[in-house]
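So the structure is just underneath, and the comments pick up after that.
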Amino acid sequence: MSTYGTTRHRDSPAAAGYTGKDRTTDYHTTLFRRLTWEGTVPLEIRVDPKELPANSDRGLECYFIQAPRVSYLPLLMPEIRRFLMDVVFDEAAAKVLREEDWWFESEEGTLLKWHWPIGLIYDNHAISASVKASSIATLLATPMRLVLHLASPPTEKLLLSPSAEACKQAFMGQLKEADFIRWGNTKRMTGLRKADQDGIWEGIKERRCSAFLPVCYSRFWPDNFDDYWRVASKVTPTTAPTRSQSPGPPPSSASMHGRPPSADPAGPSDRDGAFNVRSVPVRVYLPDGPVLQDLVPPLVEDGSPHILSHYLSNHIPLLFPPRPPTPPPSRTNPKPHAPDVPECLTPPDSEMAWLGACMAGADGWLNICVGISK
0 MSTYGTTRHR DSPAAAGYTG KDRTTDYHTT LFRRLTWEGT VPLEIRVDPK ELPANSDRGL
60 ECYFIQAPRV SYLPLLMPEI RRFLMDVVFD EAAAKVLREE DWWFESEEGT LLKWHWPIGL
120 IYDNHAISAS VKASSIATLL ATPMRLVLHL ASPPTEKLLL SPSAEACKQA FMGQLKEADF
180 IRWGNTKRMT GLRKADQDGI WEGIKERRCS AFLPVCYSRF WPDNFDDYWR VASKVTPTTA
240 PTRSQSPGPP PSSASMHGRP PSADPAGPSD RDGAFNVRSV PVRVYLPDGP VLQDLVPPLV
300 EDGSPHILSH YLSNHIPLLF PPRPPTPPPS RTNPKPHAPD VPECLTPPDS EMAWLGACMA
360 GADGWLNICV GISK
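Per numbering that gives the first Met the number 0, the very first residue in the sequence shown carries number 0; after that it's consecutive.
Spelled out as structure tokens, the structure:
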């Protein structure tokens, strides 16, 4: 993808070589990638009251933040520390406390991993809480409460130090693993210049900074989405169709609302296309359960796109039983409908290849969190 379209400049000169269909597809792809990039989650961070230093202001030990989904907890630490040192702790405590000893738990006592994106931490917490809650929508509308500990980190469980450099190394490792799963090698990642590899991580760090600005100043903050994806698009599959032909009949309203435009698997080969990857990097998270990871080809045996409901029914048949075939029409049932699959925030007929190209995290992985809807 030599030219990367944006949602703000659809008719820019750089896109002049695209056909109308290509430009529309690229626009939708960019739109969903931007929504993923700009997503935030509400966090309430409270210092463990048993670990507050003497002379701390116990009425202000709670810090609220709308954190970027693509960011990481170590990248929030400088801002959290600045708040605590300015408002909560006195000078004596500020000299003694060491940021490398800090660690987080959820309100329920679950240890939070440094190397998980914040959006994944939030979603995983939501699906775990969905087992007890009456509505997952209510959970997603409330801040996730984090407990900040100031000492005695369980290093054997955290796996990483809370430094930004350790987080960067883990992030780059995830990118390379996703690259290998897609293409069978890591040539796309290792072929990037050192400046480009660093630029991907810098984009994540800059996304962190913009979250702390007041809303009234946000329009003056430089938008680094295009800068980030200018590099990330070199290792991410494309979704734009490559064939040029006379336009066919206009799509029906049902197909237009069913899913955004995506790559056409019947078209000529596009070696960078979403339907030509060996497998989509996918991980499935269950409430208080294991993380599932398996090879996910973009097409099924009959050559049709591999869709989300098919993938879930194959891997978690007890939660997502295979949809039975639609019964034939009868006099008592002139318009039969197949039973609905369990409620899912993502449309069950979403193509796995499209999800992997447009809705994956900044680390290249498509994370599917399965909650229990009552």
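For glycine and all other residues, C-beta sits at the position ideal for the given N, C-alpha and C.
Residues bridged to residue 148 [DSSP beta-bridge criterion]: To locate residue 148, count along the sequence shown from 1; it is residue 149. Its beta-bridge partners are 102.
Opening and closing residue of the alpha helix (DSSP H) in which residue 79 lies: Locating residue 79 in the sequence shown gives position 80, where the first residue counts as 1. Residue 79 -> alpha helix (DSSP H) spans 72-82.
Residue 58 versus 46, 141 and 362, residue with shortest Cα-Cα distance: In the sequence shown, residue 58 corresponds to position 59, counting from 1. Answer by Cα proximity: 46.
Residue 111 and residue 120 closer than 7 Å at C-beta: Within the sequence shown, numbered from 1, the residue matching residue 111 stands at position 112. Within the sequence shown, numbered from 1, the residue matching residue 120 stands at position 121. Cβ atoms of residue 111 and residue 120: closer than 7 Å.
Span of the alpha helix (DSSP H), counted from its first residue to its last, around residue 170: The residue labelled residue 170 in the question sits at position 171 within the sequence shown. Note, residue 170: alpha helix (DSSP H), 163-182.
Three or more C-beta pairs below 8 Å linking the region 283-295 and the region 183-198: no
Among 147, 49, 125 and 363, nearest to residue 35 - alpha-carbon criterion: Translated into the one-based positions of the sequence shown, residue 35 becomes position 36. If we check each option's Cα against that of residue 35, 363 comes out closest.
Beta-carbon proximity check, residue 355 vs residue 299, cutoff 7 Å: The residue labelled residue 355 in the question sits at position 356 within the sequence shown. The residue labelled residue 299 in the question sits at position 300 within the sequence shown. No, they are not a contact pair.
Euclidean distance between Cα positions of residue 319 and residue 183: Here residue 319 is taken as the residue at index 320 of the sequence shown, counted from 1. Here residue 183 is taken as the residue at index 184 of the sequence shown, counted from 1. Roughly 30 Å between the two C-alpha positions.
Own chain residues within Cβ distance below 7 Å of residue 177, not counting five before or after: To locate residue 177, count along the sequence shown from 1; it is residue 178. 280, 362, 363 and 364, listed in sequence order.
Residue nearest to residue 344 in terms of C-alpha spacing, selected from 315, 238 and 369: For the purposes of this step, residue 344 is taken as residue 345 along the sequence shown, with counting starting at 1. Nearest C-alpha to residue 344: 369.
Residues near residue 167 by beta carbon distance below 7 Å, same chain, minus five either side: One-based indexing of the sequence shown puts residue 167 at position 168. Closer than 7 Å at the Cβ level, and outside the excluded window around residue 167, lie 200.
Beta carbon proximity, residue 130 to chain C, threshold 7 Å: Protein chains in the displayed structure number just one, and chain C is not present.
C-alpha distance - residue 83 paired with residue 145, whole-angstrom precision: As a position in the sequence shown, residue 83 is number 84, starting the count at 1. As a position in the sequence shown, residue 145 is number 146, starting the count at 1. C-alpha separation (whole angstroms): 15 Å.
Nonlocal neighbours in the same chain, by C-beta distance under 8 Å from residue 113, ignoring five residues either side: Within the sequence shown, numbered from 1, the residue matching residue 113 stands at position 114. Taken in chain order, the residues that qualify are 71, 72, 73, 157, 158, 159, 160, 161, 165, 166 and 169.
Cα-Cα separation, residue 88 to residue 141: In the sequence shown, counting from the first residue as 1, residue 88 sits at position 89. In the sequence shown, counting from the first residue as 1, residue 141 sits at position 142. Straight-line Cα distance between these residues: approximately 27 Å.
Backbone CA spacing between residue 322 and residue 79 [nearest angstrom]: Residue 322 sits at position 323 when you count from the first residue of the sequence shown. Residue 79 sits at position 80 when you count from the first residue of the sequence shown. Whole-angstrom Cα-Cα distance: 48 Å.
Between the CA atoms of residue 53 and residue 102 - distance to the nearest angstrom: Within the sequence shown, the letter at position 103 stands for residue 102. Within the sequence shown, the letter at position 54 stands for residue 53. So the two alpha carbons sit approximately 20 Å from each other.
From 86, 238 and 352, residue whose alpha carbon lies closest to that of residue 55: As a working note, residue 55 is residue 56 in the sequence shown. Minimum Cα distance to residue 55 is reached at 86.
Limits of the beta strand (DSSP E) - the one that residue 42 falls within: Counted from its first residue, the sequence shown places residue 42 at position 43. Looking at the DSSP string, the run of the beta strand (DSSP E) that includes residue 42 is 39-46.
Neighbour-count burial assignment, residue 173, 16 or more Cβ in a 10 Å radius: Against the sequence shown, residue 173 aligns to sequence position 174. With 16 or more other Cβ atoms within 10 Å, it is buried.
Separation of residue 122 from residue 371, as counted between CA atoms: Counting from one through the sequence shown, the residue named residue 371 turns up at place 372. Counting from one through the sequence shown, the residue named residue 122 turns up at place 123. Approximately 12 Å between the Cα atoms of the pair.
Identity of the residue in 61, 226 and 283 nearest residue 310 by Cα: Within the sequence shown, the letter at position 311 stands for residue 310. Closest option to residue 310, Cα to Cα, is 283.
Span of the beta strand (DSSP E) around residue 366: Position 367 of the sequence shown, counting from 1, holds the residue named residue 366. Residues 365-368.
Pick from 30, 95, 143 and 108 that is closest to residue 66, judged by C-alpha positions: In the sequence shown, counting from the first residue as 1, residue 66 sits at position 67. Per the Cα distances, 143.
Status (buried if at least 16 other CB within 10 Å, exposed otherwise) for residue 63: Within the sequence shown, numbered from 1, the residue matching residue 63 stands at position 64. That one is exposed.
Cβ neighbour criterion (16 or more within 10 Å) applied to residue 443: An answer regarding residue 443 cannot be provided, because it is not within the stretch 0 to 373 covered by the chain.
Beta-carbon contacts of residue 153 that lie in its chain and below 8 Å, excluding the five residues immediately before and after: Residue mapping note: residue 153 aligns to position 154 of the sequence shown, counting from 1. Cβ neighbours of residue 153 beyond the five flanking positions: 102 and 110.
Spatially closest choice to residue 39 from 233, 69 and 126, by CA coordinates: As a working mapping, residue 39 is identified with position 40 in the sequence shown. Closest option to residue 39, Cα to Cα, is 69.
Residue 350 beta carbon less than 7 Å from that of residue 306: Walking along the sequence shown from the start, residue 306 turns up at place 307. Walking along the sequence shown from the start, residue 350 turns up at place 351. Yes, Cβ-Cβ distance for residue 306 and residue 350 is below 7 Å.
Spatial distance of residue 233 from residue 130 (CA atoms): What you label residue 233 is simply residue 234 of the sequence shown in a count that begins at 1. What you label residue 130 is simply residue 131 of the sequence shown in a count that begins at 1. Answer to the nearest angstrom: the Cα atoms are 40 Å apart.
Reduced DSSP secondary structure (H/G/I, E/B, other) of residue 354: Along the sequence shown, one-based indexing puts residue 354 at 355. Note: residue 354 maps to helix in three-state DSSP.
Distance between residue 223 and residue 216 (C-alpha atoms, nearest Å): As a working mapping, residue 216 is identified with position 217 in the sequence shown. As a working mapping, residue 223 is identified with position 224 in the sequence shown. With a pLDDT of 38 at residue 216, under the threshold of 50, the modelled position of this residue cannot be trusted; read the value that follows with caution. Taking the straight line joining both Cα atoms gives about 15 Å.
Which listed residue (81, 148, 175 and 75) has its alpha carbon closest to that of residue 106: Walking along the sequence shown from the start, residue 106 turns up at place 107. Residue 148 is the option with its Cα nearest to residue 106.
Residues near residue 32 by beta carbon distance below 7 Å, same chain, minus five either side: For the purposes of this step, residue 32 is taken as residue 33 along the sequence shown, with counting starting at 1. Result list for residue 32: 228 and 357, in chain order.
Whole-number beta carbon distance between residue 353 and residue 238, since they are thought to touch under 8 Å: Your numbering for residue 238 matches position 239 in the sequence shown. Your numbering for residue 353 matches position 354 in the sequence shown. The Cβ separation is near 6 Å, so the contact holds.
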